[in-house]
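Its first residue numbered 1, the sequence shown is counted upward by one per residue in UniProt numbering.
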Amino acid sequence: MIQFQQVSKRYPGGFDALKNLSFEIQTGELLFLAGHSGAGKSTILKLIAGIERPTGGAVLVNGQNVGSMRRSSIPFIRRNIGLIFQDHKILFDRSVYDNVRLPLDILGFDGQEARRRVLAALDKVGLSGKEKLNPVTLSGGEQQRLCIARAVVHRPAILLADEPTANLDRDYANDILELFRSFHQVGVTLVISAHDESLMADYGRRILRLKNGQFTA
Ligand code: ADP
Ligand code: ADP
1 MIQFQQVSKR YPGGFDALKN LSFEIQTGEL LFLAGHSGAG KSTILKLIAG
51 IERPTGGAVL VNGQNVGSMR RSSIPFIRRN IGLIFQDHKI LFDRSVYDNV
101 RLPLDILGFD GQEARRRVLA ALDKVGLSGK EKLNPVTLSG GEQQRLCIAR
151 AVVHRPAILL ADEPTANLDR DYANDILELF RSFHQVGVTL VISAHDESLM
201 ADYGRRILRL KNGQFTA
């Protein structure tokens, strides 16, 4: 489903964030990306989502070369992808419900179906009953779950999560990983980055370890 073929990424300014990486992610796989801060984890996720482009090699998603695609085609790839990034902005001028509904409005969903999906996604992440609230009244953990609901509401085939357990205590981090596991169980392909590898051990999935833009053993 996702293939990196000798991918390199050099950022403007000359920093080599990824050096000649090749790997594949199978459909339905739950894969962890591990490595120190600055190792290149977010860069890999951004290349999959078409947010950044490789400076060498090819990134294929469902057989399509995302790295060489026209800008105008990127939204079609995104329909298939849910993104959970740390800097993902919650809109505080509208309700929890409207925040989660936004992707469906952009994709042109019918009203009844959109409503059903928003409520299902909020239920899934444990925010049922909070739809009318302004997100500013939610706790940090609830805001994070709001972001997860918004990322899955259009039922993407691929879910990319960048350090979703950063700064969380262990119990809560495990709750979040359990939630991701439930998406894995319905067939979603997940790529999750984290610098704390101890959390991943319990999940027994494939781990790609990065150091300075290259894989380690
Ligand atoms: P990680 O997610 O593992 O912390 P990143 O992929 O965010 O690592 O970053 C890898 C390296 O690339 C870091 O050294 C970072 O400073 C650099 N980098 C990331 N984004 C940019 C950018 N937009 N411009 C220049 N350098 C960047
Ligand atoms: P149904 O259409 O079967 O009623 P829902 O829309 O209630 O299903 O979704 C079931 C749960 O699984 C939702 O919380 C949804 O967010 C989650 N989910 C997310 N992505 C997917 C996916 N790609 N396939 C199936 N379920 C998904």
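Beta carbons are placed, not taken as given, at the ideal position from N, Cα and C, and that holds for glycine.
{"Item": "Lysine 89 beta carbon less than 9 Å from that of threonine 43", "Value": "no"}
{"Item": "Contact set for glycine 56: own chain, Cβ-Cβ below 6 Å, skip 5 residues either direction", "Value": "Ser8"}
{"Item": "Close-in-space but distant-in-sequence residues of the same chain around residue 245 (CB under 7 Å, 5 per side omitted)", "Value": "Because the chain in this structure spans residues 1 to 217, residue 245 falls outside the shown range and cannot be described."}
{"Item": "Aspartate 87 in three-state terms, based on DSSP", "Value": "coil"}
{"Item": "Reference leucine 199, options Val136, Arg155, Asp175 and Ile158, closest by Cα", "Value": "Asp175"}
{"Item": "Beta carbon of tyrosine 203 nearer than 9 Å to that of arginine 170", "Value": "no"}
{"Item": "Check whether methionine 1 and valine 59 have beta carbons under 9 Å apart", "Value": "no"}
{"Item": "CA-to-CA distance, threonine 216 to glycine 108, given in whole angstroms", "Value": "43 Å"}
{"Item": "Beta-carbon proximity of threonine 189 to glutamine 26, cut-off 9 Å", "Value": "yes"}
{"Item": "Opening and closing residue of the beta strand (DSSP E) in which asparagine 20 lies", "Value": "16-25"}
{"Item": "Expected contact under 8 Å - CB spacing of alanine 149 and lysine 124 to nearest Å", "Value": "7 Å"}
{"Item": "Collapsed DSSP secondary structure at aspartate 123 in the structure displayed", "Value": "helix"}
{"Item": "Three-state class that DSSP yields for isoleucine 48 in the structure shown", "Value": "helix"}
{"Item": "Any non-hydrogen atom of ligand 1 closer than 8 Å to glutamate 197 Cβ", "Value": "no"}
{"Item": "Nonlocal neighbours in the same chain, by C-beta distance under 7 Å from serine 37, ignoring five residues either side", "Value": "His195"}
{"Item": "Buried or exposed by the 16-neighbour rule on C-beta atoms within 10 Å, applied to phenylalanine 15", "Value": "exposed"}
{"Item": "Proline 156, buried or exposed, once every other Cβ within 10 Å from all chains shown has been counted against 16", "Value": "buried"}
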